[in-house]
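Each remark here refers to the structure printed beneath this line.
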Amino acid sequence: GKHRLTENIKQIILELIPNITTNTLHRLVTHAKSIQKRIPPWFKQQLNQNREWSPNEVVKFKDDLNEDQYGIWQTNSLLQLRVTSSGHGTPIGTPWPTNDWILEDEFTKVSTWGSRAPELHTPAIRGAQHETYPPSEGWLTSKNEPIKLTDLSIRRMTLMFTNRTGPPACQKRWDGILHSQIEWKKVWRTLQNTFSNPYDTKTWLRLVHRGLRLNSNDKATTDKKCRLCQTTRESHAHLLTCNRLNELRRLVLKLLNGLLLRRRRPPGALPGQDLQRGELLADPQLSGSGVRAAPHAARRRNASASQRDSVVIF
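With the UniProt record's numbering, the residue at position 183 of the sequence shown is 183, and numbering never jumps.
Here is the structure:
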C-alpha cells in the first residue's frame, strides 16, 4: 500500500532479478506503477492501520542473532517461548523489559490453532499471520456472528447450513407416502414429552426425518429385503406396518393404557395388520392422532390445584 518511487521499484526488482535486461526492467517498472494507481484508497487505509497488542499475546520477534523467536508479550516485558515438536510453546528464561521498544517494529502477529493446550503451554503456534492460511480468527457466519475455525464442529456446521426458513423436506415426502395430510405440529410435539429425554427419542426423530440406516439405503448391502419379515423391501414406510413388530406395538399400547393414556382413532387412519378389531394404527402420531390424558386424570389435577389455592396462612 506504500507509494514507491520509480528508483525504489527498480532497486527492488534488481535485488530479486540481478541479470534482468534493461527493456524488461522498464516494462516491469511501468507495470508496477500502474498497479499502484489501481489500488483503492480504502484498501490502503486498511494496510496502514495500527496493530493492537494484547497482554499475554503470542508474538514473533527477532533475537540478537537475527533469528526468528516466539514469545508471550506482557504489559512491560517479553517472555521467550520454546516451541515443542507438538507446536505448543513453553516459557523459558527470564522476561525481557520492553518499556523502550516500538512494538510495531519489533513484533509480528502470530497465528495459533485451537484453545486447548497442556499445562503451562500456549496453544499450537502456526507461524506469522502473513505466512499462514487460513487464519483461525476473523471469520463471520451468515448471521454476522464472529467465529473461529477451531470452534467449528460437525454439529455447529450442521446448524449453520441448515435451512430453517421452511418446513423440513420429510413432511412433503411422508404426506406423499401415506396419501394424507399429517398434522405435523402434533408430530413434532412428540419429540418433547415428560416420559423421555432427547436420547430416548433419537430413533423416532430419525424415522420422522427418514434418516434410519436401512437395507434399502445401505450401498454395502445387496439384499434389500426387511431383516425382520424377509418378504418386503425394507423402508421407513414398511417399518410402520411390518407384522413382525406387532407384539412390540401391543406392548407399547399396553404401557400407554397403564399410564392412564388413551388413543384416539382419526378418520381415514391406516388399518393394522394381524390384530383383532383393527386395533393397530400404522403409527398414531404419523396418522395425525396422538395420546392425550384421560378426562378423569385432568379432573384429578384440577382438584389438586383447587385444594392448593384454598389454603389460608394465619
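For each residue, glycine too, the CB sits at the ideal point set by N, CA and C.
Per DSSP, residue i is paired with what?
| i | result |
| --- | --- |
| G89 | V83 |
| G71 | V59, Q80 |
| L140 | P146 |
| S111 | G127 |
| P97 | S77 |
Apply the 10 Å Cβ neighbour rule to residue i and answer buried if 16 or more other Cβ atoms are within range, or exposed otherwise.
| i | result |
| --- | --- |
| Y70 | buried |
| H179 | exposed |
| T98 | buried |
| H88 | buried |
| R249 | buried |
| residue 336 | What is shown of the chain runs 1 to 314, which leaves residue 336 out entirely. |
| L78 | buried |
| I125 | buried |
| L280 | At L280, the pLDDT of 39 sits below 50, so the modelled position is not reliable; the number obtained from the coordinates is stated separately. Buried, since its Cβ has 16 or more Cβ neighbours within 10 Å. |
| S34 | exposed |
Out of curiosity, what's the CA-to-CA distance linking residue i and residue j?
| i | j | result |
| --- | --- | --- |
| D63 | K109 | 16 Å |
| K224 | K186 | 32 Å |
| I102 | W53 | 12 Å |
| Q74 | V59 | 10 Å |
| I92 | Q45 | 38 Å |
| L251 | G258 | 10 Å |
| I154 | T141 | 15 Å |
| L25 | E67 | 33 Å |
| W184 | L152 | 32 Å |
| D200 | K219 | 27 Å |
| D175 | A237 | 11 Å |
| P146 | W139 | 6 Å |
| L256 | K172 | 29 Å |
| R189 | K143 | 28 Å |
| Q181 | G166 | 17 Å |
| N76 | T194 | 58 Å |
| E137 | N246 | 55 Å |
| T104 | N8 | Residue identity check: residue 104 is Glu in the sequence provided, not Thr. Straight-line Cα distance between these residues: approximately 23 Å. |
| T241 | I177 | 13 Å |
Below 8 Å between beta carbons: does that hold for residue i and residue j?
| i | j | result |
| --- | --- | --- |
| T90 | H121 | yes |
| L239 | L207 | yes |
| residue 359 | T112 | Past the boundaries of the shown model lies residue 359; the chain is included only from 1 to 314, so the question cannot be answered. |
| R244 | L228 | yes |
| C170 | R233 | no |
| I72 | L81 | yes |
| E106 | F61 | yes |
| T150 | G114 | yes |
| I13 | L28 | yes |
| S216 | S196 | no |
So does residue i have its beta carbon nearer than 7 Å to some heavy atom of the ligand GTP?
| i | result |
| --- | --- |
| L65 | As for the ligand GTP, it is missing from this structure, which has no ligand bound. |
Whole runs of the beta strand (DSSP E) within the stretch 200 to 263, excluding any shorter than 3 residues: DSSP runs (the beta strand (DSSP E)) wholly in the stretch 200 to 263: 261 to 263.
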